[in-house]
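K.L.:
There are 2 protein chains.
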Amino acid sequence: MKSKAKAIKLTGTSYAVLAVLDEFGEMTSYDLKGAMEMSIQNFWPVPHTTAYEEPARLTAGGYLAARQEEGGRRRRIYSMTEKGREALAAWAADTAVIPPQLRDEAILKIFAGADPGPLGDERRAWHEAKRDELSAMLREVRAADGFAASERTLTVGVNYHQKMLEMLDDLAQAPAD
Amino acid sequence: MKSKAKAIKLTGTSYAVLAVLDEFGEMTSYDLKGAMEMSIQNFWPVPHTTAYEEPARLTAGGYLAARQEEGGRRRRIYSMTEKGREALAAWAADTAVIPPQLRDEAILKIFAGADPGPLGDERRAWHEAKRDELSAMLREVRAADGFAASERTLTVGVNYHQKMLEMLDDLAQAPAD
DNA sequence: GCTTAAACCGTTCGTCCCGTACTATACGAC
DNA sequence: GTCGTATAGTACGGGACGAACGGTTTAAGC
Numbered sequence: 000m001k002s003k004a005k006a007i008k009l010t011g012t013s014y015a016v017l018a019v020l021d022e023f024g025e026m027t028s029y030d031l032k033g034a035m036e037m038s039i040q041n042f043w044p045v046p047h048t049t050a051y052e053e054p055a056r057l058t059a060g061g062y063l064a065a066r067q068e069e070g071g072r073r074r075r076i077y078s079m080t081e082k083g084r085e086a087l088a089a090w091a092a093d094t095a096v097i098p099p100q101l102r103d104e105a106i107l108k109i110f111a112g113a114d115p116g117p118l119g120d121e122r123r124a125w126h127e128a129k130r131d132e133l134s135a136m137l138r139e140v141r142a143a144d145g146f147a148a149s150e151r152t153l154t155v156g157v158n159y160h161q162k163m164l165e166m167l168d169d170l171a172q173a174p175a176d
Numbered sequence: 000m001k002s003k004a005k006a007i008k009l010t011g012t013s014y015a016v017l018a019v020l021d022e023f024g025e026m027t028s029y030d031l032k033g034a035m036e037m038s039i040q041n042f043w044p045v046p047h048t049t050a051y052e053e054p055a056r057l058t059a060g061g062y063l064a065a066r067q068e069e070g071g072r073r074r075r076i077y078s079m080t081e082k083g084r085e086a087l088a089a090w091a092a093d094t095a096v097i098p099p100q101l102r103d104e105a106i107l108k109i110f111a112g113a114d115p116g117p118l119g120d121e122r123r124a125w126h127e128a129k130r131d132e133l134s135a136m137l138r139e140v141r142a143a144d145g146f147a148a149s150e151r152t153l154t155v156g157v158n159y160h161q162k163m164l165e166m167l168d169d170l171a172q173a174p175a176d
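Residue numbers (numbering that gives the first Met the number 0), protein chains in the order written: chain E, 0 to 176; chain P, 0 to 176.
#1: Which one or two residues does DSSP pair with Ile-76 (chain E) in a beta bridge?
#2: Would you grab the beta carbon distance between Ile-106 (chain E) and Arg-56 (chain E) for me? Rounded to a whole angstrom, and I think it's under 8 Å.
#3: Alpha carbon to alpha carbon, how far is Trp-43 (chain E) from Glu-104 (chain P)?
#4: At which residues does the alpha helix (DSSP H) containing Gln-161 (chain E) begin and terminate?
#5: Determine the extent of the alpha helix (DSSP H) in which Leu-57 (chain P) is found, giving its start and end residues.
#6: Using alpha carbons as the reference points, say which of P:Tyr-14, P:Val-157, P:Asn-41 and P:Tyr-51 lies closest to Leu-31 (chain P).
#7: Would you mind stating whether Val-140 (chain P) and Glu-132 (chain P) have Cβ atoms separated by less than 8 Å?
#8: DSSP three-state label for Leu-101 (chain E), please.
#9: Looking at Leu-17 (chain P) and Met-240 (chain P), is the spacing between their C-beta atoms short of 8 Å?
#10: For the alpha helix (DSSP H) containing Gly-83 (chain E), list its first residue and its last residue.
#11: Applying the 10 Å Cβ sphere with the 16-neighbour rule, what's the burial state of Gln-180 (chain P)?
#12: Which residues in the same chain as Thr-27 (chain E) place their Cβ atom closer than 8 Å to its Cβ, once the five residues preceding and following it in sequence are excluded?
#13: Compare the C-beta of Ser-38 (chain E) with all C-beta atoms of chain P and state if any pair is closer than 8 Å.
#14: For the 8 Å Cβ check, are there 3 or more pairs between the stretch 87 to 98 of chain P and the stretch 118 to 128 of chain P?
#15: Do Val-155 (chain P) and Ser-134 (chain P) have their C-beta atoms within less than 8 Å of each other?
#16: Following the continuous alpha helix (DSSP H) through Gly-119 (chain E), name the residue where it begins and the one where it ends.
#17: Excluding five sequence neighbours on each side, which residues of the same chain lie with their C-beta closer than 7 Å to the C-beta of Ala-148 (chain P)?
#18: Taking beta-carbon pairs under 7 Å, can you tell me which members of the stretch 99 to 113 of chain P lie near chain E?
#19: Taking Cβ positions, are Tyr-14 (chain E) and Ala-111 (chain P) nearer each other than 8 Å?
#20: Taking 7 Å as the limit between beta carbons, can you name the residues of its chain near Pro-115 (chain P), skipping five residues before and five after?
#21: Between Glu-85 (chain E) and chain P, is there a C-beta pair that is closer than 8 Å?
#22: Hey, Ala-86 (chain P) and Leu-9 (chain P) are a contact pair by Cβ (cut 8 Å); roughly how many whole angstroms apart?
#23: State the Cα-Cα distance for the pair Ala-59 (chain E) and Pro-98 (chain E), rounded to the nearest angstrom.
#24: Please identify, using Cβ separations under 9 Å, the residues of the stretch 16 to 29 of chain P that lie next to chain E, in order along the chain.
#25: Please list the partners that Leu-170 (chain E) has in chain P, where partner means a Cβ-to-Cβ separation under 8 Å.
#26: Sorted by chain position, which residues of the same chain lie with C-beta nearer than 6 Å to Asp-176 (chain E)'s C-beta, five sequence neighbours on each side aside?
#27: Given this structure, state the Cα-to-Cα distance separating Leu-167 (chain P) from Lys-5 (chain P), to the nearest angstrom.
#28: Take Glu-165 (chain E) as the anchor and find which of E:Leu-137, E:Arg-122 and E:Arg-84 has the nearest alpha-carbon.
#29: How about Val-140 (chain P): is its C-beta nearer than 8 Å to some C-beta of chain E?
#30: Since I believe Arg-102 (chain P) is in contact with Gln-100 (chain E) (beta carbons under 8 Å), could you give me their beta-carbon distance rounded to a whole number of angstroms?
#31: Against chain E, with Cβ distances strictly below 8 Å, would Met-35 (chain P) count as a contact?
#32: Shorter than 8 Å from the beta carbon of Glu-132 (chain P) to some beta carbon of chain E?
#33: When the distance is taken between beta carbons, is Gly-33 (chain E) closer than 8 Å to Leu-225 (chain E)?
#34: Taking just the CA atoms, how far does Pro-54 (chain P) sit from Lys-136 (chain E)?
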């Protein structure tokens, strides 16, 4: 009966991994890496090593189970345990959240005296590319059917980048407010 | 001649500290902590221990100089060195930036199946409070004169929160896009 | 002047997180 | 069957983080 589950602290990143596994089903670290890039990377960025380290931690804590792949690379395939599902549900049901954090080197440079012009241009192109990328994924997901979670968050993503583009336009025109 | 400056790697957080020191002049760690909260915290969040740890690192690297406060707590007062100013200017002049990162636990919860309603309401209140807070700071800074850097970034901040509020309204109305 | 509380100020510590660099395996082309 | 490329995975050093705690100064109350 899941005797030696080591006590570990679950971080936001832990829940991110659990949520992806819950949405898409069991998978290897490599697949998890790809799945995270296509789903949560936009609002919860993690380096690719997380897809290898975090499932190992979660397995040690009893939140995931691992089984060995037959043949080939004999990779570990991770799947949710009951404990994992419960923890994820309890966390999602709690409406208390840490405030959103934005990390923006460009604004930091502007604070330090950099010319806003070129940085703004580059940023605009970046938001456009992101918006289009997410938009394309959204169309795919809608066609596929059965990925309600991805659809909800992709919609937010598209709207976010759109609003950021509007903001850049506003700032470029009005000197201040 | 700044002989034994240990080679250290400068991170985004390093430049954040340098930029604040450059904008407001020499100060103690405690004052630095306050200054960061009022200036860059909104787009480059750091825990308060950074205001103690990072200047120490930067001093070891020769980017800052420290002198002892007379009497009282005899705290260390940090100030920029020539090397620090040069490094900051070189970094600010480079238009290559790492893309902005957003970390949003609420969207993660929505991805995991949480009800968007309450989370959206709470978020709206948060953005309103932030917008008003930054707006008040912006008025102060304008009245004071001589804080052009803070003014530029505060303006961005106010606009950002305003746009986020618009986005929440859009999402609440239109089921999708 | 003494006591006390509150505000102010600062550090330690364990763990998590992160990016870089590197390695290894599978597979198709030729 | 060896070469190139995409796929898959690991090692590791140090920065980042936040909880917890500990000291110091000031001012109020007596």
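Backbone N, C-alpha and C define an ideal beta-carbon position, used for all residues, glycine too. These numbers come from a predicted model, not from an experiment.
P.N.:
Taking the structure as given:
#1: Its beta-bridge partners are E:Thr-27 and E:Arg-66.
#2: Contact between Ile-106 (chain E) and Arg-56 (chain E) does not hold, since the beta-carbon distance rounds to 33 Å and is not under 8 Å.
#3: Annotation: Trp-43 (chain E) to Glu-104 (chain P) spans about 8 Å, alpha carbon to alpha carbon.
#4: Residues 147 to 172.
#5: Here the alpha helix (DSSP H) through Leu-57 (chain P) covers 49 to 59.
#6: Closest in C-alpha terms to Leu-31 (chain P), from the list P:Tyr-14, P:Val-157, P:Asn-41 and P:Tyr-51, comes P:Tyr-51.
#7: It is not a contact, given that the beta carbons lie outside the stated cut-off.
#8: In the three-state reduction of the DSSP assignment, Leu-101 (chain E) falls in the strand class, which pools E and B.
#9: An answer regarding residue 240 (chain P) cannot be provided, because it is not within the stretch 0 to 176 covered by chain P.
#10: Looking at the DSSP string, the run of the alpha helix (DSSP H) that includes Gly-83 (chain E) is 81 to 92.
#11: One cannot answer for residue 180 (chain P) here, as it falls past the ends of chain P, which runs 0 to 176.
#12: Within the same chain, Thr-27 (chain E) has close Cβ partners Glu-68, Arg-74, Arg-75, Ile-76 and Tyr-77.
#13: It does: the Cβ of Ser-38 (chain E) has a partner Cβ on chain P nearer than 8 Å.
#14: Taking one beta carbon from each stretch, the stretch 87 to 98 of chain P and the stretch 118 to 128 of chain P have fewer than 3 pairs nearer than 8 Å; the two do not touch.
#15: Going by beta carbons, Val-155 (chain P) and Ser-134 (chain P) fall outside the 8 Å limit.
#16: Gly-119 (chain E) -> alpha helix (DSSP H) spans 115 to 143.
#17: Answer for Ala-148 (chain P): Glu-22, listed in chain order.
#18: Cβ contacts with chain E: Pro-99, Gln-100, Leu-101, Arg-102, Asp-103, Glu-104, Ala-105, Ile-106, Leu-107, Lys-108, Ile-109, Phe-110, Ala-111, Gly-112 and Ala-113.
#19: Yes, the Cβ-Cβ distance between Tyr-14 (chain E) and Ala-111 (chain P) is below 8 Å.
#20: In chain order, Ile-109 place their CB closer than 7 Å to the CB of Pro-115 (chain P), counting only its own chain and leaving out the 5 sequence neighbours on each side.
#21: Glu-85 (chain E) does not count as touching chain P.
#22: Ala-86 (chain P) to Leu-9 (chain P), Cβ: 6 Å. Contact.
#23: If you take the alpha carbons of Ala-59 (chain E) and Pro-98 (chain E), they lie about 29 Å apart.
#24: Cβ contacts with chain E come from Leu-17, Ala-18, Val-19, Asp-21 and Glu-22.
#25: Chain P residues near Leu-170 (chain E): Thr-154, Val-155 and Asn-158.
#26: Legend: pLDDT at Asp-176 (chain E) = 45, less than 50; position of this residue unreliable, value from coordinates given subsequently. Hits under 6 Å: none found.
#27: Going by the C-alpha atoms only, they are around 48 Å apart.
#28: For Glu-165 (chain E), the nearest C-alpha among the options comes from E:Arg-122.
#29: No, because no Cβ of chain E sits closer than 8 Å to the Cβ of Val-140 (chain P).
#30: About 5 Å; that satisfies the 8 Å criterion.
#31: Closer than 8 Å: no.
#32: Interface residue (Cβ-Cβ distance to chain E less than 8 Å): Glu-132 (chain P) is not classified as such.
#33: Outside the displayed range of chain E (0 to 176) lies residue 225 (chain E), so it cannot be described from this structure.
#34: Looking at the sequence shown, residue 136 (chain E) is not Lys but Met. The alpha-carbon atoms of Met-136 (chain E) and Pro-54 (chain P) are separated by roughly 44 Å.
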